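Working notes, structure below.
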Amino acid sequence: MVETVGSQSSHASQIEGARLRIEQLRKEVEHHRFCYYALDSPELSDSDFDVLYRELEALEQQFPELIVPESPTQKVGASPSTEFTPVRHRIPLLSLANAMSKDDLVEWQERLERGLEIEDKDATFDFVCEHKIDGLSIALTYENGVFVKGATRGNGEVGEDVTLNLKTIKSLPQKLKPVAILPDGTIDVSGNLTGSSSTELRMPSLIEVRGEVYMPVSSFTTLNNALREENEAVFANPRNAASGSLRQKDPRKTAARKLSLWTYFLYVVDDQIKQPRSQADNLNLLAALGLPVEPSREKVNGLEKVRAFVDHWSDLRHDLDYQTDGVVIKLDDRKLWDRLGNTSHSPRWAIAFKYPPEEAETKLEDICFEVGRTGAVTPTAWLAPVTLAGTTVKRATLHNADQIARLDVRIGDTVVVRKAGEIIPEVVCVKFDKRPEDSAAFVYPTECPACGTALARVGEEVVFRCLNVHGCPAQKVRRMIHWVGKEAMNIDGVGEMLIEQMVKAHLVEKQSDFYRLTEESLLTLERMGKKSATNILAAVELSKQRPLAALTFALGIRHVGASVAELLADRFNSMEAISKASLEDMCAIEGVGTVIAENVIEFFAQEENRALIFDLAELGVKMEVDQDKQAVVLPQSLAGKTFVVTGTLEKLERLEAEKAIKARGGKATSSVSKKTDYVVVGASPGSKVAKAQELGIKIVDEAEFLELLGM
Ligand code: IVH
């Protein structure tokens, strides 16, 4: 989309063209907003909606005279917080007072002693130390052991209903385990379900659970790598990623994001079981009920031991697969909680010890540029080595040209680096008072550092790209690295260095050249031994049998990540069918929108790419799904029918039910409207049943539903 400046005479006709397009876009945007907000039944994927919206915004910016107050760009859209139904918390979610130093902990203990009127200075408290998980707090309601509602914290009194999204979290149990009640009426929190004559199994009829939803560090890294590959904005840290993922309006998107959960507190609201009398037992009860509880928790006596816990974890915490930003210290004895009470926002019986932020000053020695698989050129700061959060940091991201300009960062500057979400170090700011006198403003390169082609910004992207797709050696290397990757062709033993050597020696120019390698050609490479060459050839040979989805992903089509590749392979069963698929065919797949489909079509329209596929096939790379693994195409018995599933089904999870509907050509939506044909009602349904009755829509139970599915 390179902007062209028309002549004076064509300006009027340009405006007229823009006016017509703007009118059409406004109608479409309004329509889709209505489907999304009012009907809760979007017809477009988020990204496809964004494409429309951005086109409208761009046109209005170009022709400001055409902006009217009624334009959807001028109205304050529904704020994100209104996308979910508000829920009033049965018990408000409080926050915690912070201790920034060990002295603050001593002061807290003194406040406890005063509050409890304890004179005996030798008395020590029992505390429970838990990691302070850096995620988002969540309130879960279980009725008769079944997960019925989950909400975000919101303002502590009212949060957002994110039940459906929470249901996609694997570690969140949909059903609790009953607990054993000992003969003395207390709960056996050991999780031993003997159910013998001396114990009785009981399910709490109503409990409220509190915990933290987080994104494992490993998932966060994978997600950001995938986003970076697709040139989309990355998340700054796992907490933002978790929050963004949990607040998706499409639960399938949340499901793809691999969130997890630790719970740390429960309120027993009914009288089936009794609230445990200590925090240690609260945690044990949560675990006995089958809820996930962080294992590092420790009950300790006295503040000294608390300090030891804090010190013990101060570095070790970086090895956990979740981020923690401190330690929560709670008095163990519940009786004391009642005596101490709460301030307006936090309980007096607990405190959060916060680890100091991990920042360090160091010298910026150079700014280097890396060229990605799709030609994106990104700047990296090379630093004098410095220790940060337990590791030595030598590189940090500078994101893009705009960021370099914003920071006014120059080679030779002293800079502050921070681990963004303690994962990717980034340059935070420049210490201007330490700037050398002879420093010069950094000049951003205008040419690709690898091939010298002029860099360009395409459309509204912030990133500069080298557009020499097939000629640039750096892009070639990145494409090959992508090809051999685990999720792609999984060619073991071929790493970045070797690929650089191969490309330099012109052994591998395009992906199919891997299948032309011979022992002879490999042995021409420096430091290559006979044994390694044999292993490489074996791994290359093995890769010819990779599944179609892996091959599709390996091609590196823009916007086709591993999961989209899987969808395409499942639907079309062969590379030939994928390459010939129409826009409509692809868009009919749940999870594939027009942007993706257009990129696939564009990929296969290019001669080089078609030749590559042909070449790969000639060389023996498998191009179709094995016969026995081909998805069975079910009779489209539900074509044209729209379903809403509400409540809990016995035999199918909600997502499975929706999948089954779609596999038979039907549509599954989340809210009841005149367009709904069937409302499937499970246990504890919500208000949707009343709405269905009101609109006269057919209501079916699980058995009737299974019959409709032919299951
Ligand atoms: S207890 C009434 N325990 O920290 C006590 N909170 O800064 C409520 N958090 O909103 C909190 N890990 O989201 C507690 N082990 C833990 C926690 C934890 C993380 C979060 C929670 C809370 C925030 C307070």
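The opening residue of the sequence shown carries number 551 in my numbering; numbering runs sequentially from there. Glycine is no exception: its CB is placed at the ideal position from the N, C-alpha and C atoms. Because the structure is a prediction, the values reported are computed rather than measured.
Count the other CB atoms within 10 Å of the CB of residue i; is the residue buried (16 or more) or exposed (fewer)?
i        : result
Thr-1074 : exposed
Phe-903  : buried
Asn-774  : buried
Thr-1196 : buried
Gln-798  : buried
Leu-1245 : exposed
Gln-1277 : The shown model of the chain, from 551 to 1261, leaves out residue 1277, and the question about it has no answer.
Arg-703  : buried
Arg-827  : exposed
Glu-710  : buried
Gln-1025 : buried
Cys-918  : exposed
His-561  : exposed
Phe-1122 : buried
Arg-1077 : exposed
Helix or strand or just coil, what does DSSP make of residue i?
i        : result
Gly-794  : helix
Leu-756  : strand
Ala-1218 : strand
Thr-912  : strand
Trp-863  : helix
Phe-677  : strand
Cys-1137 : helix
Asn-1018 : coil
Ala-701  : strand
Thr-632  : Below a pLDDT of 50, predicted positions are generally treated as unreliable, and Thr-632, at 40, falls in that range; the measurement from the model is reported next regardless. Three-state result, Thr-632: helix.
Lys-1238 : helix
Tyr-872  : coil
Arg-945  : strand
Val-1194 : strand
Give every residue of the same chain whose Cβ lies closer than 7 Å to the Cβ of residue i, excluding the five residues on either side of it in the sequence, and list them in chain order.
i        : result
Asp-1251 : Val-1231
Glu-1140 : Lys-1212
Ala-1167 : Met-1173
Lys-725  : Gly-695, Val-696
Gly-1260 : Ser-1187
Ser-793  : Leu-686
Tyr-994  : Ala-951, Ile-954
Can you find the residues in the same chain that come closer than 6 Å, C-beta to C-beta, to residue i, ignoring five residues on each side of it along the sequence?
i        : result
Thr-1003 : Cys-1016, Asn-1018
Val-739  : Asp-831, Asn-834, Leu-835, Ala-838
Leu-589  : At Leu-589, the pLDDT of 43 sits below 50, so the modelled position is not reliable and the matter cannot be decided from this model.
Ser-896  : Leu-644, Ser-645, Leu-646, Ala-647
Lys-1248 : Tyr-1228
Phe-1255 : Val-1230
Pro-801  : Leu-714, Asn-715, Thr-718
Phe-770  : Pro-788, Ala-791
Val-626  : Confidence at Val-626 is low in this model, with a pLDDT of 42, below 50, so the placement of that residue is unreliable and no value is reported for it.
Lys-1217 : Thr-1192
Val-860  : Val-877, Phe-903
Ser-807  : Ser is not the amino acid found at residue 807; the sequence shown has Arg there. The residues are Ser-795.
Using a Cβ-Cβ cut-off of 9 Å, state whether residue i counts as contacting chain D.
i        : result
Phe-1255 : The question asks about chain D, but that chain is absent: this structure has only one protein chain.
Is the beta carbon of residue i sitting closer than 9 Å to the one on residue j?
i        : j        : result
Ile-823  : Val-729  : yes
Ala-934  : Thr-912  : yes
Val-856  : Cys-1001 : no
Ala-946  : Ala-931  : yes
Val-1008 : Val-1027 : no
Ala-1210 : Thr-1226 : no
Val-967  : Glu-909  : yes
Gly-706  : Leu-690  : no
Leu-1057 : Ser-1071 : yes
Ile-1151 : Met-1125 : no
Gly-1035 : Arg-889  : no
Val-784  : Leu-777  : yes
Ile-1128 : Ala-1119 : yes
For residue i, which residues from the same chain have a beta carbon less than 8 Å from its beta carbon, with the 5 sequence-adjacent residues on both sides left out?
i        : result
Ile-731  : Ile-737, Asp-738, Thr-749, Glu-750, Leu-751, Arg-752, Ile-823
Leu-1169 : Ser-1062, Tyr-1065, Arg-1066, Lys-1094
Glu-1037 : Ala-1100, Phe-1103, Ala-1112
Val-601  : Thr-1144, Val-1145
Shorter than 8 Å, the distance from the beta carbon of residue i to the closest heavy atom of the ligand ZN, or not?
i       : result
Leu-816 : Among the ligands in the structure shown, the ligand ZN does not appear; only the ligand IVH can be found there.
Three or more C-beta pairs below 8 Å linking the segment 920-935 and the segment 1000-1014: yes
Segment contact, 8 Å Cβ cut-off, at least three pairs: the segment 1198-1215 with the segment 1095-1103: no
Inter-stretch contact at 8 Å, needing at least 3 Cβ pairs: the segment 693-706 / the segment 667-675: Not touching, per the Cβ criterion.
Contact the segment 839-848 vs the segment 705-715: 3+ CB pairs below 8 Å: no
Stretch pair the segment 1156-1163 + the segment 1175-1194: three plus CB contacts closer than 8 Å: no
Sufficient close CB pairs (3 or more, under 8 Å) joining the segment 1131-1151 to the segment 1077-1087: no
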